[in-house]
Structure formats: structure tokens, C-alpha cells
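S.K.:
Number of protein chains: 4
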Amino acid sequence: MSWNTFGRVLRMTTWGESHGPALGAVLDGCPPGLSLAEGDIQPWLDARRPGQNKFTTQRQEPDPVRILSGTFEGQDGTQRTTGTPISLMIENVDQRSKDYSEVARAYRPGHADYAYDAKYGFRDYRGGGRSSARETAARVAAGAVARLVIPEVTIEAYVVEIGGDSIDRARFDAAEIANNPFWCPDPAAAARWAQAVDEARLAGSSLGAVVECVAQGVPAGWGAPIYAKLDADLAGAMMGINAVKGVEIGDGFTAARLSGEQNADPMRPGGGPPVFQANHAGGIAGGISTGQPVVLRVAFKPTSSILTPVETIDREGNATEIRTKGRHDPCVGIRGTPVVAAMMALVLADHKLLHRAQCG
Amino acid sequence: MSWNTFGRVLRMTTWGESHGPALGAVLDGCPPGLSLAEGDIQPWLDARRPGQNKFTTQRQEPDPVRILSGTFEGQDGTQRTTGTPISLMIENVDQRSKDYSEVARAYRPGHADYAYDAKYGFRDYRGGGRSSARETAARVAAGAVARLVIPEVTIEAYVVEIGGDSIDRARFDAAEIANNPFWCPDPAAAARWAQAVDEARLAGSSLGAVVECVAQGVPAGWGAPIYAKLDADLAGAMMGINAVKGVEIGDGFTAARLSGEQNADPMRPGGGPPVFQANHAGGIAGGISTGQPVVLRVAFKPTSSILTPVETIDREGNATEIRTKGRHDPCVGIRGTPVVAAMMALVLADHKLLHRAQCG
Amino acid sequence: MSWNTFGRVLRMTTWGESHGPALGAVLDGCPPGLSLAEGDIQPWLDARRPGQNKFTTQRQEPDPVRILSGTFEGQDGTQRTTGTPISLMIENVDQRSKDYSEVARAYRPGHADYAYDAKYGFRDYRGGGRSSARETAARVAAGAVARLVIPEVTIEAYVVEIGGDSIDRARFDAAEIANNPFWCPDPAAAARWAQAVDEARLAGSSLGAVVECVAQGVPAGWGAPIYAKLDADLAGAMMGINAVKGVEIGDGFTAARLSGEQNADPMRPGGGPPVFQANHAGGIAGGISTGQPVVLRVAFKPTSSILTPVETIDREGNATEIRTKGRHDPCVGIRGTPVVAAMMALVLADHKLLHRAQCG
Amino acid sequence: MSWNTFGRVLRMTTWGESHGPALGAVLDGCPPGLSLAEGDIQPWLDARRPGQNKFTTQRQEPDPVRILSGTFEGQDGTQRTTGTPISLMIENVDQRSKDYSEVARAYRPGHADYAYDAKYGFRDYRGGGRSSARETAARVAAGAVARLVIPEVTIEAYVVEIGGDSIDRARFDAAEIANNPFWCPDPAAAARWAQAVDEARLAGSSLGAVVECVAQGVPAGWGAPIYAKLDADLAGAMMGINAVKGVEIGDGFTAARLSGEQNADPMRPGGGPPVFQANHAGGIAGGISTGQPVVLRVAFKPTSSILTPVETIDREGNATEIRTKGRHDPCVGIRGTPVVAAMMALVLADHKLLHRAQCG
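Protein chains in written order, with this note's numbering: chain A, 682 to 1041; chain B, 682 to 1041; chain C, 682 to 1041; chain D, 682 to 1041.
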């Protein structure tokens, strides 16, 4: 893994800036023979797409994906992966020619503006350039292909907390997740969040969120200790998503407050694999999957772009202040949810192949 | 990074089992000309060493490290790194020939036993084999060398919570950290923890912990977005430590409960680099260091080895139960603290070199 | 380096099939601030472009390259690299809708047809798909950017032998290389080759070639022993070019016939770096550049596509024969020459950055 | 692959200097369950060992290998690989405390002395330090393990030319290879070489050699185009061996002198895989194995250490001359032969696992 490439044997390389002509991903190492057409990818991009309601940015990104390489029509007339790199491209169509002189002039606190200049001496300031969350569209597209590599696994990501207001676990209903603009499994919470997010939006403020992701069907044995542990790779993948500041596997920080007895996951015999009596571990032990559901949670900070002026400096180091006008998400965690699921898919698919390399 | 190698350009490969003849690390890519002798490494190993008081395992590991390659006497008579791989070896001297038939027979819940068997079909069950926390001695040794690569950085790790009992930030005193067996910066908390850990030890139970780590002196510009972000690499490094279940950068999960205004880190002009008015971000924006202190927290679960019998299965899948006799840490987070610092050093040193490769 | 990615810190990932909609390269790790526009790349692609005379395939590939990411207009109005991935795309415009049923049906000996089917169970047979030399356009485009990373180095590649007929070293004239369709530094040899290649073309036969490449200006110190030696990386890079079957550094196989005295490269003092009295080593010792010109030679086999029918088998394993109709190069080594130079540039640029990472 | 690590999924990291306390290899990614004890490795090291006759250096290296990790006693009492890193160590016992002041003072032409100083500013000059051929003992040890990963493959390396004097292919007898000190399959050539090498030895001169290596039993499908081609990886592996200056696959440079008709490898149906009528390609097409024997040849330059004084410079840049006293091989290609075979084993084993990762 290096720079703009993610993965060990199933490798995704992404490219593109927020306001360049296009962005994309090259997915390398994908097994041959998988049925793959643009229709397998587009729905996941549509789920991530902004501008669909007032709770996310109004930037319009139809985001039609094109497969430029790596598939060919098999004997049955189906487009299938050939084992060569799959190049996915999404053109940037809503590059509104707005005035970026403000962002070019001064650093937005909480954004990567200052850090990019400090590193590269230079940055594409239009819409955040490479540091824009727009880049995650490429991850979602590649993640859609990764899902095809692991048909035995079902991945679901959803929001469990916005602005400190949590769902009620007793009311968890997976069927509700796609029924509201918040990927919320608890309709009562969704209703409360609608009001809170709208208030933040109208006030030019923003809210944080916690996203949970569960992968069912992961067999025991994926993960390569010591430095390619499944949980370590997942943590790196999640922390690399824009605005993420925390990652937990299983009980996470709560586990630090349990005793050894409380935290145990006893095993009982089952017909085949063991039946675990609890899943504090989140499906991973010693960096290897145990056959239980893989469970993690991700903390998204509140969107850094707010209407309230914040003290900052300009490129010359002079004191100034900045407020971010324009189209932004009042709660980036919402649109981050499909990205969490995509990264889960990429990590699991990579580890499936990695396990196969060593253990046949 | 792959399997048992960690790092991108400064690469550590570790090897060895808990009860094999030795364990070690090969550190590759280290700059030449650094003064390095065994005395630069040993103190860090001594800090991690168990058996020093009743709060950690009584296993005796004098752990003298040997440098087998990669240094040579320079013209000034000092041993210096030559730029070739540095091989570090620690012999296992206290391999008590105890009876492992219990662990060989049945899987200890919370341990990697079942997962290793599921993956490899086979495992070295003596003391946990490769999955033992003993492996982290190799990381601490290599981390000591990594510190020499980043003399501009000071790293401090300490425990901020044991068994749900936190330090009082108002009483934080860095000078206290080395004065108690808990790496605790608050003497009052240290006194309470002494009692709690001892009770857990006597009861055959165990406690979790939260470790914080701060790196001072990291200049702005380290970290390589998108998939080699500094925070993502740190998260992967920390989640890969034995018993870790959660990682936070800066405010972490707390940030998810703040508004955008509360979470802002305003900037003011300084003589040289900008002066930040807060550090909610933990010193990293867009995956790149900002010049502020890098701050993270790590959640350790309670030690899985407890005296209370737990339901489990044996290798043939039959129901049984197991209780872990022998020498174990009642709170693994304590001995994990130097490992957190070592991994911080390895990640930062790697990113210093990585930054230099691309940006000169 | 893995699958479709080349390089260690300056990493090129290529994608695309001969007859897909496009092909391209993503170049990652490029230093920021380099002046880069499409005009810096296009001339190198034009040099490689087929269809320019009767000695190469008549396939028409105007090959206009597009930069899709990684550059931005600096304060001086110049497009400069930003340090983010540079995505280069070349659309396939002359995808003549010819009849591929013959190639789909039977394996062309000497081509990758059978090997791809054996590996992937499936292949894009149109024009060779991914195994087509068309893919090398992406390498030439990325190589053009790599040249900008090493402005201190001048790279020249030229043909020294076609069909066993060598140039006369006494008549070597670098100024002639671009003056004939064979990249030949000896006009007399060029005249003989014109006749030989034309005869092969008219007979539906093909010829092999030996290409030499010299890099001037490489400072002493590039190359990372033991397993990232400069010569080893160059050998891998060259052997990976389509139709290449041999690589020599310096005197190569001839060195195996010299005595130690004959093969020595004595050194004399110079004002600055030492002055070598010979360069049998080809500018590399112990895997590290010595400051002398880096010299290598590459053997290209004759094009496998010939009009003479060759015995083969079809996909079902039945005996058949095949002759390759259509537009093919009678001597692929000619068009391989710019590819050799591009790979030299990529390896040297990568090692410049790699050296900087470790040795500052 | 990076610096001192070789391989993609089966990864060997070597360490150690010629005159340090020990050298070794860590082999990571090895499949679990393979029967492995020191007796599986020692014979290969013994074959490489110097000091066995007057044709190789008289340095005495008993080279007993120790397995420090990665194996455990299985239920059948056999030591088996566990899937964790295999650490192999060889202690340096014959570190004759000779006078190295000469080598410390001046650069030996043809050796890596000057290049190491130019790169690192510093070098371990005792016996060549890390650049000594002694390092290849680690490769031979790891290669012995790699052979166990590919039981379906038989690898044989032998010398086909010394000092420009070739074997007679008509007299090729594989049974002779181990019967003479030159790994020579032609007894008549072996007799001539004995005289030539002895003359060179007595004259303080040296000779080059060409080594051929054939791998039988490689199935079709190994190799990962475009940048992990089997032939490219083999070329890099071979060129990275000390003193190697050229690599050919199949007909190599000779192929550049053949016509397309002469170079064809026609296929005929067989019971299972196709029956090739020739093997000009050396068993690889498009970077993927074809099922034919993999054949390559490697050119070793004459040993650079000779008794004749050669002009050179000292560390301060002053003119001087140097002659290499002490124990050296008059023809390093001879002892390089087992190293060629070891690297072939490592590359093939790596590609077997790599193929399994992607193609199941």
C-alpha cells in the first residue's frame, strides 16, 4: 500500500481532483470470470450521491461510471472480468465556476488547506482538490466491484448517532435503513435527526456522526498477523476516510471498561463452526476473523465548513478570518456511510485473496 | 506492508514465537550514519519488561537485545548505522517447561487460539506462539531505532484510564509518568489503580485500559494522502497491537458530539508556523501533520486470560471449559504503553522518510 | 511492485486493452512543482507511434494524451504537478472492427494467447487485449513525466542490431539516431536494415533486434542493495517489455568471456568524482550507480505474427494451424526502442527518490 | 519488494554482513503444514559452501543453519511450518581477523567499495560487508524452503561456459553435474575448465562464467502481467546476484538473430496440455508460464579481486593502486550456480502463491 494505492493483493489506485475533468479508480488483482457491468456499480454511487435531499450538499453529481478496461464479453454474452486492471472513470460535470479566491487566499481551519500547502508548497484549491470528499466516489465504485469478489459476505453500514443523539438499539430495524435520508435503523431517531440536521444547516453549523458497519458471512481465517491483521487493516481503511477521527472494533472503547469475565465470548459446539455466546470481539481475534459478524464503528467529526467566521491566516501568514460559503454537507457522516461499507468490502475482498495465497 | 513487515520505506520485519529459541526484528531502510549501540535500545525494552512488580506478569524476561547487523565502527570509534538492514535479536530465556496440554486441547475464548487453527490448521500453542504479546518486544526494539531517525520528535505514552477510572486532567504531571508502575501522570489515579489492579489480580480477573500518546515536534507536512495518510497509518499501527480494540486521533469519538464551531482549530500568526488556538484535530488534517502535537488514544480490552472457567470447545468441537492458569497480566494495557510509543515512533520515522522521497 | 503497478516510490499503474475504449497510466509519488503539460508528453508518444512508415505496423494511432489529474495552474500561470496522482489517458481511436474469429478460435504460437487462457480461463482476444504492445503507449507517456523528475539525466536509446546485422561502432553518430526510421546511429547500417526489414515485411516474416540504452548524468549513489539494486530493477523493467528475451548491463555476456584484468574499470582522480578508465560495468557496481554512464542492451525476438502458417491447437485442443493476417510490425524492436528509454527513465526517477528517502 | 526484501507474497528479507556475528533470512508468507527441519536446508548450503576444493575460495564456512521460528511439532511429531515467519540464521565462524587497512584505505575497482561510500558515506569494509557474496548464503537457505512450496517443480542449475569455453550440448549429461567441482554437465568441458581455472588461480587472475537454469514441472499460468511477469521477475532476481551482468530467457540474445519462422514454438495436441514442438521462448509467453520448462541463462563477470595491481583512488581521492590479497574465488560463477537455482525457486514459489491469490 502506498500513497494512492490501497490493498495488498486486490489493489485500488484512485486519482482525480474535485474540480478536474474526471476522477477514477484502477482496481488490480481482481479474479477473472466475475460478471461485471456498469449496472453493478451505479446503484452504489447513486446511494452516495449528494444533492438528493436537503440534508446533504446540493452539489449535483449524476456520477455515471464508465468501465474503461478489464472486462470482456464471455461466451455466454455476459461482460466478465478478465483478470486485467479494471479502470473506472467518473466525469466531473457540475464544476460550478464559482469564485475560489477566498479559499485560495486563506486557510480554512479543519480543512487540509494548510497541511497541503505545508507539504507540497502548492495546492489545487478548487473545492478542496484531491482532499475533497468527492474522491470517495472512486472508492465506492471500486468497492462495488470488491463486493463481487466476496459473494458470501453481506455488508451493511448505518448511522447510529448524530450530534450525540443515539439510536435506541431495542428499535433496531434493518429494513428501515434505506427508508430515510440518514441510513438510520431507528425511525424515531431518524425523525429527531431530521430536525437537528436541518437546524444545523439553517444555522450554517454542522454535526458529527457515528457510523456502524457489520459484515455477515465472513468465514473464520481471514487476516494475516502480525502486520496485516484484519482489524488493523480495517482501522487504517476507516481512519483514511475524510473527516473520520475514531475507529472501534467490536466493543471498542467500551471493552476497556469491562472485566475479563464480562468481555469473554464463550464458545459452544454447533453443527459446523463453533457457536459464540457473545461478540464483544467484533468477529476478530488475533487479527483473524472468527466466523462471527465483523462489527466496527467509525466517528465522523462535524463538517469543518461552517458559516460562522473562524480566525485563520492567509498564505502570507497574516491574520484574517474565513467563513465557508457554498454547498456543503451539514453532517458528512451521512454521506460517509456508503464509503464505510465500500472500504469494508475492499478490505475483506483483499483478505480473502490474501488468505488464499498463503493457505490455498 | 505485508504479513510480518510494517512500514513503507522504513520497514520492520519481525519474527519469533513466545516459546521458540528467540525473537527479533529486521529494520530496513534506516538512514546511514546514526549512532546506534545496544545501549540505545535496552532501556526501552527494560521499560516494557514484565515481572518488575505485581501488576504485570511474573514471567522473567531479561531480554538483552543483540545487534547482529547494520552497524559499523566509524572513524570516530562510534558504532553507526551503515544503511544496511539492522537485525535485532532477543533470546527467550524463561521458557518455563510448563504443561501446555490444556491450551493444546481447548480454545481460550478471547485469545487467537481458534482463529489460528481456523486459518493455518495448526498452531504453536506454547504461550500463544506468534500471537503472544511477547512479539511486541521486537517492536519496542525496532521502535528504539526509529526514535533515532526522528530526533526532532519527543514521544510520550501514558495510561489515562484503567477499568473505567480516568485520570484527572487537572492533575496531569508528565514527571509522574515514570514514577509509578502504571505510566500514570496523575498520582491520585495511580493509587486507586494500584488497588483496583491488585484486586483484579487476586480475583483472577482482569481490567481494560486506555493509553494516550503524544508526539511533540512533528513538523507540518508528514503524511501521504490518500491511502498513506498519517492518521490512517497510525490507526492501523495501533489496532495491530495485541488486545487493542479502538483508536482515536485528537478528540476522536468526542468530536462526533461537537458542533463545527466547537471543533474548529482557529489559526493565528506566529513568528514562524501558525499558532493554533486548539487541537481538536490531534495534529493531523487531510492525513498530513499540521505542526501541532500528534495526539491519539488507544483502547485495550481486559486480558482474556482469567481464572474463572469459561465455556469453550476443544479441537474436536466438543463442549468443554477452560481457565487460564499461570503468569498473566491483570491489565495488558499497562505493558502495552511502551508498545504504543514504539509504534508511534515507527510510523513517524517512516513518514519522515516518505515525505523526503517525494518532497525533497 | 505488483501486477499492473511498476515502481517503488514513483509508482506507475497502467490499464487498458488494445481494443477497449482507452488505455492509460496513473503515476503516483511524483514530486510537486514540476512544470507539466500535455505538450511535454506528446512528442514521446509520437516517436513511438506506429504507422509512420512501411517498417512498422500500419495501424493508425494518433494517440493524443490527456492529463486528467495531478496538475494545477501555479501562480506563474504554468501547469505544475501538485504531488497528487497524475492520470494519463489515451483513447483508442483506430479499433478497426476486423474479424477476430481466427484469433478467438486458435492460439497464435509465440503470442500470449494460450498462456492467458491457461491463467485466466478467458481472454480479450481483440488485438491481443492486455498483452498487446499497445499497452506500452502508457509506459511511454508515464516515462515522459519521469524524465522531468530527473532533469540531470539524459537518456538515449537506439538500435544496434537487426536480424543479426550490427552497426559499426566506429561510425556511431548520435545525431543520426532520429534521422532514420530505425533509431540507428550508423547510416550505413540503417540503409542495410531498410532493405532487410522490407524484405521480411514483403515475405510476411519478421526480424529480431538489439536495442542499447545509455543514461548520462546519473550521479553515484542511486540503487538500493540487496533486492532493489539498480541493475536488478533495470533488468526486470526491460524483460517486462513485450518481446524482450535478454538484458545485459555494461559488457553483459561479453564480460563472462573476459579475464579479471580485462574487465577492470580503473579509477583516476578527477577534479570532483573519480575518472574511470573504462566502463565494463555499465555504470553500476554492487547494484549502485558509480557516476559513469548507465549502459544496457536489450534483445527483442522477431515478431511472432507471421504470414507463414504455423501448427497450433484451438481452444478445444484440436490440431489446427494459424497465420496472422493484418497490420503487424516486421521488427518490433524498432518500436520498442522508445519504450526501453521510457522504462530507463522510470527506473532512474524511482531510484532518485528512493535514494533521497534513505540518504537525504 | 523493497531494499532487502525479495518477493511479492512469499517474501524473503535478508540481513547480515560478511564479517558480522551472523547473517540470516526471514521468509514470510510460507504456507503452513509443510514438513521443514534444518536437514532440509543444510544440503543446499553445503553445495554452495566454499573451501571444498582449490577452485573456490579457501574461506572456511561450515555454515550450519538454525531455524529460529516458524515451525512447530505437529501431531505426527514432524516439524512443520506454521504459517508464521521462518527465521533462518547462519553464524559467521571464520571471521579471520586479517588486516583490512588496505581495503579501508582504497577502492577496489569492480567492487562495490566506491559505490557504497558514495551512497552511504560510510561502509563496513571487512570482506565487502553487505556487498559480499557471503550474503547469498541467506538466499540459498530461503530458497531451500521455497523448494518445499513447489514440490511439483524440479530445478537444476549448471555451468555451460567458463572463460569463453562452452560445453558441448551433444555431451550433456545431467548425472554429471554433481560429479565435478564446476556443476558441469559435460565431463570433457569440466576437465578443460579444471586446467583453465587453476591457471587463473595461480596467476592471480579470474574468469567469467555462464550458468543455465531449467525448471521442469511448472504448470501453465504462473506469472502476473504486466509488471509482475514471470520473466521480468526472474530477470530482476538473477541480475541481483553478485557479479551477474546479463540474463536471457529461452533463446535470449540468439532469438534476436532468428526469423519469426525460426523462433516459432508450434503446438500440437497432447493428452492434456499442448505439446510444444520447440521451446525458443523458454517456457514463458506474455509473462506467463506455458507449461514448458522454464529456461534461463545468466552471465557472471570474472571475479573483480585479482592479484595484478589496478589503478584506483583512495578515500581522499588521491591516486593509488590496489591488489587484492587473500582468499577469493577465481571464478565466482561456480559458487553462484546454487544461488541461481535458489532464486529460481523463490520466484516460482512466489508466483505459485500469487497465481492462487488471484485465480484460486
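By construction, the Cβ of each residue, glycine as well, lies at the ideal position given by its N, Cα and C atoms.
Interface residues of chain B around Arg1035 (chain C) at Cβ under 7 Å?
M.R.: Translated into positions along the third sequence, residue 1035 (chain C) becomes position 354. Residue identity differs from the one stated: residue 1035 (chain C) is Leu in this sequence, not Arg. Near Leu1035 (chain C) (Cβ distances below 7 Å), the residues of chain B are Ala1038.
S.K.: Tell me the DSSP bridge mates of Tyr839 (chain D)?
M.R.: Walking along the fourth sequence from the start, residue 839 (chain D) turns up at place 158. Answer is D:Glu893.
S.K.: At the 8 Å Cβ level, is Leu829 (chain C) part of the contact set with chain D, yes or no?
M.R.: Along the third sequence, read from residue 1 onward, the residue named residue 829 (chain C) stands at position 148. No - not a single Cβ of chain D is within 8 Å of the one on Leu829 (chain C).
S.K.: Show which residues of chain C have a CB atom less than 7 Å away from the CB atom of Asn685 (chain D).
M.R.: By 1-based counting over the fourth sequence, the position of residue 685 (chain D) is 4. Near Asn685 (chain D) (Cβ distances below 7 Å), the residues of chain C are Ile907, Tyr908.
S.K.: Hey, is Arg963 (chain B)'s beta-carbon within less than 8 Å of any beta-carbon in chain C?
M.R.: Numbered from its first residue, the second sequence carries residue 963 (chain B) at position 282. A quick correction: the sequence has Gly, not Arg, at residue 963 (chain B). No, no contact with chain C.
S.K.: How far does the beta strand (DSSP E) with Glu929 (chain A) in it reach, from first residue to last?
M.R.: Numbered from its first residue, the first sequence carries residue 929 (chain A) at position 248. For Glu929 (chain A), the enclosing beta strand (DSSP E) stretches over residues 925–930.
S.K.: What is the residue span of the beta strand (DSSP E) that Ala980 (chain C) lies within?
M.R.: Indexing the third sequence from 1 puts residue 980 (chain C) at position 299. Here the beta strand (DSSP E) through Ala980 (chain C) covers 975–981.
S.K.: Counting along the chain, where does the alpha helix (DSSP H) carrying Ala1038 (chain B) start and finish?
M.R.: To locate residue 1038 (chain B), count along the second sequence from 1; it is residue 357. 1013–1040 is the span of the alpha helix (DSSP H), which, as asked, contains Ala1038 (chain B).
S.K.: Within the 8 Å Cβ cut-off, does Thr817 (chain D) reach chain B?
M.R.: Within the fourth sequence, numbered from 1, the residue matching residue 817 (chain D) stands at position 136. By this cut-off, Thr817 (chain D) is not an interface position.
S.K.: Can you tell me the Cα-Cα spacing of Phe981 (chain B) and Gly1017 (chain B), whole angstroms?
M.R.: As a working note, residue 981 (chain B) is residue 300 in the second sequence. As a working note, residue 1017 (chain B) is residue 336 in the second sequence. C-alpha of Phe981 (chain B) to C-alpha of Gly1017 (chain B): approximately 8 Å in a straight line.
S.K.: Once the 5 residues before and after Ala855 (chain A) are set aside, which same chain residues still bring their CB inside 7 Å of it?
M.R.: As a working note, residue 855 (chain A) is residue 174 in the first sequence. The answer, listed in chain order, is Glu837, Pro866.
S.K.: Would you identify the three-state DSSP class for Ile748 (chain A), choosing helix, strand or coil?
M.R.: To locate residue 748 (chain A), count along the first sequence from 1; it is residue 67. Strand at Ile748 (chain A).
S.K.: At what residues does the beta strand (DSSP E) containing Arg761 (chain C) begin and finish?
M.R.: Counting from 1 along the third sequence, the entry for residue 761 (chain C) is found at position 80. Start and end: 760–762.
S.K.: Cβ of Pro990 (chain B) less than 8 Å from any chain C Cβ?
M.R.: Along the second sequence, one-based indexing puts residue 990 (chain B) at 309. Chain C, which has no Cβ nearer than 8 Å to the Cβ of Pro990 (chain B), makes this no.
S.K.: Grouping DSSP H, G and I as helix and E and B as strand, with all else coil, what is Phe753 (chain A)?
M.R.: Position 72 of the first sequence, counted from the start, is the residue given in the question as residue 753 (chain A). Phe753 (chain A) falls in the strand class under three-state DSSP.
S.K.: So what's Gly883 (chain D) in DSSP terms, helix, strand or just coil?
M.R.: On the fourth sequence, position 202 is the one that residue 883 (chain D) refers to. Going by the sequence as given, residue 883 (chain D) is Leu instead of Gly. Looking at Leu883 (chain D) - three-state DSSP - the assignment turns out to be helix.
S.K.: Rounded to a whole number of angstroms, what is the C-alpha to C-alpha distance between Ala718 (chain C) and Ser699 (chain C)?
M.R.: The residue given as residue 718 (chain C) occupies position 37 in the third sequence. The residue given as residue 699 (chain C) occupies position 18 in the third sequence. Rounded to whole angstroms, Ala718 (chain C) to Ser699 (chain C) spans 25 Å at the Cα level.
S.K.: Give the range of the beta strand (DSSP E) segment to which Ser768 (chain D) is assigned.
M.R.: Walking along the fourth sequence from the start, residue 768 (chain D) turns up at place 87. Ser768 (chain D) -> beta strand (DSSP E) spans 767–772.
S.K.: Taking all protein chains shown into account, decide if Phe863 (chain B) is buried (16 or more other Cβ within 10 angstroms of its Cβ) or exposed.
M.R.: By one-based count along the second sequence, residue 863 (chain B) stands at place 182. The residue is buried, with at least 16 neighbouring Cβ atoms inside 10 Å.
S.K.: Going by DSSP, what residue range makes up the alpha helix (DSSP H) through Asp798 (chain A)?
M.R.: What you label residue 798 (chain A) is simply residue 117 of the first sequence in a count that begins at 1. Residues 794–801.
S.K.: Indicate whether at least one CB of chain A lies closer than 8 Å to the CB of Arg786 (chain B).
M.R.: If you number the second sequence from 1, residue 786 (chain B) lands on position 105. It does not; no Cβ of chain A falls within 8 Å.
S.K.: Going by beta carbon distance, what residues of the same chain come within less than 8 Å of Glu857 (chain C), once the five residues before and after it are set aside?
M.R.: Position 176 of the third sequence, counting from 1, holds the residue named residue 857 (chain C). Within the same chain, Glu857 (chain C) has close Cβ partners Cys865, Pro866, Asp867, Pro868, Ala871.
S.K.: Return the chain-ordered list of same chain residues with a C-beta closer than 6 Å to the C-beta of Met682 (chain B), the five sequence neighbours on each side being excluded.
M.R.: Here residue 682 (chain B) corresponds to residue number 1 of the second sequence, with the count starting at 1. Unreliable positioning characterises Met682 (chain B) in this predicted model, as indicated by a pLDDT of 44, which lies under 50. A coordinate reading is not provided.
S.K.: Provide the residue span of the beta strand (DSSP E) that contains Glu816 (chain D), from first to last.
M.R.: Position 135 of the fourth sequence, counted from the start, is the residue given in the question as residue 816 (chain D). No beta strand (DSSP E) holds Glu816 (chain D); DSSP gives it neither H nor E.
S.K.: Who are the neighbours of Ala703 (chain A) on chain C, taking C-beta pairs under 7 Å?
M.R.: As a first step, residue 703 (chain A) must be located in the first sequence, where it is residue number 22. Ordered by position in chain C, the residues that pass the 7 Å Cβ test against Ala703 (chain A) are Leu749.
S.K.: For Asn685 (chain D), name the three-state secondary structure that DSSP assigns.
M.R.: Taking the fourth sequence and counting its residues from 1, one reaches residue 685 (chain D) at position 4. DSSP places Asn685 (chain D) in coil when its eight states are reduced to three.
S.K.: Which stretch, first to last residue, makes up the beta strand (DSSP E) that contains Arg692 (chain D)?
M.R.: Along the fourth sequence, read from residue 1 onward, the residue named residue 692 (chain D) stands at position 11. Counting along the chain, the beta strand (DSSP E) containing Arg692 (chain D) begins and ends at 692–697.
S.K.: Where does Pro1019 (chain B) land, buried or exposed, given buried means 16+ other C-beta within 10 angstroms?
M.R.: Start at 1 with the first residue of the second sequence, and residue 1019 (chain B) comes out as number 338. The residue in question, Pro1019 (chain B), is buried, as its Cβ has 16 or more Cβ neighbours within 10 Å.
S.K.: Measure the alpha-carbon distance for Met770 (chain B) versus Leu726 (chain D) and round it to whole angstroms.
M.R.: Against the second sequence, residue 770 (chain B) aligns to sequence position 89. Against the fourth sequence, residue 726 (chain D) aligns to sequence position 45. If you take the alpha carbons of Met770 (chain B) and Leu726 (chain D), they lie about 23 Å apart.
S.K.: So, for Arg873 (chain B): in the same chain, excluding its five sequence neighbours on each side, which residues have a beta-carbon less than 7 Å away from its beta-carbon?
M.R.: For the purposes of this step, residue 873 (chain B) is taken as the residue at position 192 of the second sequence. Excluding sequence neighbours, Arg873 (chain B) sits near Asp846.
S.K.: If you follow the beta strand (DSSP E) that Ala962 (chain C) is part of, which residue opens it and which one closes it?
M.R.: Reading the third sequence from its first residue, position 281 is the one you call residue 962 (chain C). Ala962 (chain C) -> no beta strand (DSSP E), and no H or E assigned at all.
S.K.: Could you give the distance in angstroms between the alpha-carbon of Gly927 (chain B) and the alpha-carbon of Ala913 (chain D)?
M.R.: Within the second sequence, residue 927 (chain B) is the residue found at index 246, counting from 1. Within the fourth sequence, residue 913 (chain D) is the residue found at index 232, counting from 1. For Gly927 (chain B) and Ala913 (chain D), the distance between alpha carbons rounds to 42 Å.
S.K.: Quick one: is Val690 (chain A) buried, meaning 16 or more other Cβ sit within 10 Å of its Cβ, or exposed?
M.R.: Here the question's residue 690 (chain A) lines up with position 9 in the first sequence. Answer is buried; the Cβ neighbour count reaches 16.
S.K.: Let me confirm a value: Leu911 (chain A) is counted as buried when at least 16 other C-beta atoms fall within 10 Å, else exposed. Which label applies?
M.R.: On the first sequence, position 230 is the one that residue 911 (chain A) refers to. Result: buried.
S.K.: Compare the Cα-Cα distances from Cys711 (chain C) to each of A:Tyr801, A:Phe736, A:Glu772, A:Tyr788 and report the closest residue.
M.R.: Residue mapping note: residue 711 (chain C) aligns to position 30 of the third sequence, counting from 1. Nearest of A:Tyr801, A:Phe736, A:Glu772, A:Tyr788 to Cys711 (chain C), Cα basis: A:Tyr801.
S.K.: In terms of residue numbering, what span does the alpha helix (DSSP H) encompassing Leu704 (chain B) cover?
M.R.: Within the second sequence, residue 704 (chain B) is the residue found at index 23, counting from 1. Careful: Leu704 (chain B) lies outside any alpha helix (DSSP H), inside the beta strand (DSSP E) at 703–709.
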